Amino acid sequence: MGGSRWTWRLLALPGVVWLSLFFLVAFYAVVAVAFGNQDTLSQPVPFWNPLDWNVGYVWATLKNVWHGGPFLTVSLRTIEFVAIAVLLSLVIGYPVAYFTARHAGRWKGVVLLALILPLWINYLMRMLAWINLLAPDGIGTDVLHAVGIEKLFISLGLLDQAGGWLSGQSTTVILALVYGYIPFFILPLFVAIDRIDQRQIEAARDLGASPLSAFLRVTLPLSVPGILAGAVLISLPMFGDYYTADLVSASTRTNMIGNQIDEFMRQGSEKVTGAALTLLLSAFLLILMFYYLRTTRQAGTSAQTT
Amino acid sequence: MEHPKESGISRRELLRRSAGAAAGLSVAGVLTGCENTTTPIGAETAAGATSGAAAELVVPKPLGPAGLPLPRPDNSVTWAITDENKPIADGVQPEAGPLRIFNYADYIDPTTVKKFQKQFNTKVQIATYNSADEAVAKLASRAVEFDLIMGLSGSNIVNLIAQKLLKPLNHSYLPNLEKNIWPELADPFYDRGAHYTVPYVVWMDGIGWRNDKVAQDVAAMDVPWDIFWEAQAYRGKVGILDDRRDALSMPMQRSAMHKGVRPDLNTEDAALIQQAQRDLSELGAICNPKVTITDYQTLPEGKTVLHHSWSGDLLGAAFYYMPKGVPPTVLSFWGPESNGVVQNDFFCMGRTSKSPALAHEFINFFLDEKNAYNNFVNYTGYTPPQKNIDADALIKAGAIPKSLQQAVVRPDQFAANQELLQLSVKGQRLWDDAWSKFKAG
Chain V
0 MGGSRWTWRL LALPGVVWLS LFFLVAFYAV VAVAFGNQDT LSQPVPFWNP LDWNVGYVWA
60 TLKNVWHGGP FLTVSLRTIE FVAIAVLLSL VIGYPVAYFT ARHAGRWKGV VLLALILPLW
120 INYLMRMLAW INLLAPDGIG TDVLHAVGIE KLFISLGLLD QAGGWLSGQS TTVILALVYG
180 YIPFFILPLF VAIDRIDQRQ IEAARDLGAS PLSAFLRVTL PLSVPGILAG AVLISLPMFG
240 DYYTADLVSA STRTNMIGNQ IDEFMRQGSE KVTGAALTLL LSAFLLILMF YYLRTTRQAG
300 TSAQTT
Chain P
0 MEHPKESGIS RRELLRRSAG AAAGLSVAGV LTGCENTTTP IGAETAAGAT SGAAAELVVP
60 KPLGPAGLPL PRPDNSVTWA ITDENKPIAD GVQPEAGPLR IFNYADYIDP TTVKKFQKQF
120 NTKVQIATYN SADEAVAKLA SRAVEFDLIM GLSGSNIVNL IAQKLLKPLN HSYLPNLEKN
180 IWPELADPFY DRGAHYTVPY VVWMDGIGWR NDKVAQDVAA MDVPWDIFWE AQAYRGKVGI
240 LDDRRDALSM PMQRSAMHKG VRPDLNTEDA ALIQQAQRDL SELGAICNPK VTITDYQTLP
300 EGKTVLHHSW SGDLLGAAFY YMPKGVPPTV LSFWGPESNG VVQNDFFCMG RTSKSPALAH
360 EFINFFLDEK NAYNNFVNYT GYTPPQKNID ADALIKAGAI PKSLQQAVVR PDQFAANQEL
420 LQLSVKGQRL WDDAWSKFKA G
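Those protein sequence lines, which keep their order, are chains V and P.
For what it's worth, numbering that gives the first Met the number 0 labels the leading residue of the first sequence as 0, then goes sequentially.
For what it's worth, numbering that gives the first Met the number 0 labels the leading residue of the second sequence as 0, then goes sequentially.
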């Protein structure tokens with residue numbers, strides 16, 4: 000037993016070293032910069048020793064959020080965009096995952112392949128393709144116009160003008176986020192639904208539940224861990240995303256927190272503020288992660304007791 | 000001179016030690032050593048460079064890193080040539096190379112570079128950077144070494160000098176400088192005597208538009224910048240330069256034009272900078288502009304019809320980016336005769352250059368009129384400040400349409416406009432904060 004334990008530990012070692020080097024060390028570098036200072040050439044001076052830490056930049060960033068400064072504006076907008084995008088991914092992705100897991104039959108592999116296929120193409124390339132499709136004279140714009148979607152969006156106030164999909168629209172940014180990340184939502188959800196014991200649903204039906212009732216009382220609750228996993232998997236990168244808004248909009252009215260961080264890190268004199276903002280975003284995401292872990296642990300515990 | 004980073008560490012150490020001593024090295028004592036500041040390390044030293052008595056006798060000017068002067072047209076700077084860092088002697092034969100160059104991507108004509116390689120029987124290796132900040136940071140790290148650096152400008156020179164990154168030039172290798180280059184740039188205010196730099200290209204900020212899609216005659220307006228505040232009809236097809244200094248200085252120019260005064264586009268007046276941000280932010284409701292630097296592509300394609308532009312991008316657009324069936328005559332450019340933004344960038348030599356004579360030859364080669372013309376018209380679209388290259392000659396040669404005449408900067412226009420230059424740390428932060436506010440929408 001003891002030997003086997005050590006074997007597993009040894010096997011885990013490369014992974015731990017890899018994580019330590021490429022995540023923890025890099026993350027600590029961001030922390031050291033955020034709690035550091037900069038020189039008169041505007042280059043960051045990291046303070047590696049926590050005893051030396053300078054809280055000035057993190058504090059100023061927090062004050063900016065607290066006093067309703069630009070960081071609050073972009074943070075709220077980011078939360079709004081991500082929340083809507085995750086919700087839309089759920090509405091669009093759940094039926095797809097459900098169909099694939101329960102009704103695709105021998106086509107299951109093909110459907111899964113079709114879901115993964117877009118991931119073979121680089122994210123940026125896919126977005127650039129949409130730029131051409133959604134240009135005022137693009138094929139995508141023509142199709143959306145012909146089938147009446149453009150008119151519907153304009154009447155709902157979701158689009159400024161005909162053919163204006165790329166003219167700085169929040170709607171386009173949210174839809175692009177959904178398009179870019181939805182496969183990562185569907186796949187864990189598919190796994191969760193696929194693993195539901197068919198006999199539990201049959202038992203519900205035998206006990207008189209209607210198909211809808213069986214879905215709402217059995218399938219849906221049992222697929223919650225999959226929904227949460229998918230939501231976490233897509234919301235984490237969405238929160239840090241900046242290139243989607245940059246590519247399909249480039250308007251200041253659709254800028255997300257990732258755009259602000261990019262702005263500070265890429266040019267200008269406030270790279271330390273960029274690091275402080277990165278740290279605050281990480282702290283926020285950590286809270287979300289803890290909520291997810293707590294929920295899935297509780298779900299696991301209750302599943303074991305039932 | 001001590002590196003600012005080194006002085007910062009010793010200062011922090013001092014703080015920590017004094018706090019530790021006061022608290023008898025207790026935990027509380029160490030914690031008081033933690034700072035709560037957003038003042039960069041060394042900024043106090045720079046600000047206090049003028050002694051108390053002398054400070055009373057002069058109107059203070061913003062200072063750059065390590066208390067070095069910030070060059071301005073009315074405060075020109077001659078950077079000293081020191082004994083420890085002298086130019087190469089006269090008459091040295093060009094080295095075998097390779098010549099290592101650090102430049103923006105796609106910012107020099109490969110064909111002209113090949114011609115140089117053939118003429119001097121050498122190899123040219125070009126490494127690229129994406130922003131001036133990145134370039135200066137990489138050079139300052141001393142992890143990379145180059146013989147020649149291209150694309151940096153007067154707004155970077157104080158940093159380059161402060162960090163001792165440049166080698167002075169020997170003008171005996173550069174006869175084309177005096178022969179071909181505009182006199183005001185052969186002896187620029189940011190580097191009197193051109194001790195360390197030689198100009199490469201010039202450009203100006205202006206308005207680029209599609210004259211087949213924009214109804215107004217922008218150039219004929221009393222204040223052409225007003226077009227952005229009257230662009231409701233072009234909503235979603237308007238662009239603003241994605242650069243804090245260029246973008247925020249645009250409403251400053253507009254306001255000054257209305258008042259008939261000369262703006263200071265290197266101002267460190269918080270009220271003026273914040274006003275510029277508010278004016279620029281108004282555009283969100285008016286025309287929801289895109290904030291990009293892709294006008295050279297979006298204007299020819301018609302994805303934008305009105306753009307705050309760099310003159311060189313409009314010429315580049317006309318040279319290369321017109322879709323089939325769209326003539327370059329649909330592009331127009333207006334740039335202010337005075338009180339607007341002009342910029343130039345330069346060649347400079349890396350301090351540790353291994354091929355300094357060859358680097359001089361390369362500079363002189365690109366200052367040659369024919370080579371500069373080919374580099375401009377066949378590739379970059381950015382105007383070399385050559386005495387004999389002007390808009391009339393280019394129009395006559397059929398290289399550019401008349402509607403882009405103003406995109407070729409003239410020497411008198413260059414002199415009457417302003418360059419965006421390096422600011423003090425405090426000033427830079429004011430611009431950055433205003434930009435962050437604008438970008439938040």
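For every residue, glycine included, the Cβ atom is placed at its ideal position computed from N, Cα and C.
Treat the numbers as computed from the prediction; the structure is a model and nothing was measured.
Indicate whether at least one CB of chain P lies closer than 9 Å to the CB of residue i.
i	result
THR243 (chain V)	no
SER222 (chain V)	no
ASP141 (chain V)	no
VAL254 (chain V)	In the sequence under discussion, the amino acid at residue 254 (chain V) is Asn, which differs from the Val named in the question. True, the Cβ-Cβ gap to chain P drops below 9 Å.
THR170 (chain V)	no
ASP159 (chain V)	yes
ASP136 (chain V)	yes
LEU165 (chain V)	yes
PHE238 (chain V)	no
GLY68 (chain V)	yes
THR277 (chain V)	no
ARG76 (chain V)	yes
GLN297 (chain V)	no
Using three-state DSSP, classify residue i as helix, strand or coil.
i	result
GLU267 (chain P)	coil
ALA228 (chain V)	helix
HIS359 (chain P)	helix
ILE239 (chain P)	strand
HIS170 (chain P)	helix
ALA20 (chain P)	Unreliable positioning characterises ALA20 (chain P) in this predicted model, as indicated by a pLDDT of 40, which lies under 50. The coordinate reading is nonetheless provided below. Helix.
THR297 (chain P)	helix
PRO68 (chain P)	strand
ASP245 (chain V)	helix
TYR372 (chain P)	helix
PRO250 (chain P)	helix
SER212 (chain V)	helix
LEU155 (chain V)	coil
HIS66 (chain V)	coil
SER423 (chain P)	coil
THR37 (chain P)	coil
VAL76 (chain P)	coil
THR72 (chain V)	helix
9 Å is my cut-off, CB to CB: does residue i come that close to chain V?
i	result
LYS163 (chain P)	no
LYS60 (chain P)	no
ALA136 (chain P)	yes
SER171 (chain P)	no
ASP431 (chain P)	yes
ASN158 (chain P)	yes
List the residues of chain V that residue i touches, going by C-beta distances under 7 Å, in chain order.
i	result
THR37 (chain P)	GLY55, TYR56, ALA59
ARG243 (chain P)	GLY267
GLU34 (chain P)	ASN53, GLY55
ALA65 (chain P)	THR39
Give me the chain V residues within the contact set of residue i, using Cβ-Cβ distance strictly less than 8 Å, ordered along the chain.
i	result
ILE40 (chain P)	ASN36, GLN37, ASP38, THR39, VAL44
LYS302 (chain P)	ALA134, PRO135, LEU165
VAL424 (chain P)	THR39, SER41, SER268
Could you name the residues that DSSP lists as bridge partners for residue i?
i	result
LYS386 (chain P)	Paired residues: none, contrary to the question.
GLN37 (chain V)	V:PRO43
TRP202 (chain P)	P:GLN342
ALA126 (chain P)	P:PHE101
Which residues in chain P have a C-beta closer than 8 Å to the C-beta of residue i? List them in chain order.
i	result
GLN259 (chain V)	SER435, LYS438, ALA439
GLU262 (chain V)	TRP434, SER435, LYS438
THR72 (chain V)	ALA439, GLY440
Can you pull the chain P residues whose beta carbon is under 7 Å from the beta carbon of residue i, in chain order?
i	result
ALA31 (chain V)	Residues of chain P passing the Cβ test: none, with the nearest at roughly 13 Å.
Name the chain P residues whose beta carbon is nearer than 9 Å to that of residue i?
i	result
SER250 (chain V)	GLY235, GLY283, ASN287, PRO288, LYS289, VAL290, GLY440
Name the chain V residues whose beta carbon is nearer than 9 Å to that of residue i?
i	result
GLN427 (chain P)	SER41, GLY267, SER268, GLU269
ASP344 (chain P)	The premise fails here: ASP344 (chain P) is roughly 16 Å from chain V at the closest Cβ pair, so nothing lies under 9 Å.
SER130 (chain P)	ARG265, GLN266
Counting Cβ pairs, one atom from each stretch, are 3 or more of them under 8 Å apart for the region 424 to 437 of chain P and the region 219 to 228 of chain P? With fewer than three CB-CB distances shorter than 8 Å, the region 424 to 437 of chain P does not count as touching the region 219 to 228 of chain P.
Specify whether the region 390 to 408 of chain P and the region 222 to 237 of chain V touch according to this definition: at least 3 beta carbon pairs, one from each stretch, less than 8 Å apart. The region 390 to 408 of chain P, when compared against the region 222 to 237 of chain V, does not touch it at the 8 Å Cβ threshold.
Three-pair Cβ contact test at 8 Å for the region 130 to 145 of chain P versus the region 159 to 166 of chain P: By the Cβ rule, the region 130 to 145 of chain P counts as touching the region 159 to 166 of chain P, because three or more pairs are nearer than 8 Å.
If you pair each beta-carbon of the region 197 to 204 of chain V with each one of the region 239 to 248 of chain V, do three or more pairs fall below 8 Å? no
Count Cβ pairs between the region 272 to 287 of chain P and the region 178 to 197 of chain P that sit closer than 8 Å; are there 3 or more? no
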